[in-house]
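Residue numbers (our numbering): 84 to 182. No residue lacks a Cβ here, since even glycine has one placed at the ideal position from N, Cα and C.
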């Protein structure tokens with residue numbers, strides 16, 4: 084299960100995720116992002132309460148990063164040790180801007 088809290092204001096969006104970002108839930112996040120993506124200059128994805136991320140979840144982050152490279156910036160915030168280890172093993176720590 085994944086809870087997505089979205090705040091959009093003045094071309095900036097913050098997505099706060101809680102739970103598991105996996106094959107079942109990643110389409111939900113992708114739909115939420117795509118809904119506002121064309122109008123964004125800045126996106127922050129807060130992973131403080133994310134317990135797990137699968138390759139499907141990584142794909143959503145990567146595709147969002149590619150779009151934001153052209154139209155603004157994307158930041159991943161509050162990454163816990165478990166998720167950071169996955170980012171490091173997969174090389175995503177080199178691709179994503181992590182605070």
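With 16 other Cβ atoms within 10 Å as the buried cut-off, status of residue 114: By the 10 Å Cβ count, residue 114 comes out exposed.
Closest residue to residue 84 among 166, 116, 108 (Cα-Cα distance): For residue 84, the nearest C-alpha among the options comes from 108.
Exposure label - residue 143; buried when at least 16 CB within 10 Å: buried
Straight-line Cα distance separating residue 171 from residue 177: 8 Å
Residue 126 and residue 157 closer than 8 Å at C-beta: yes
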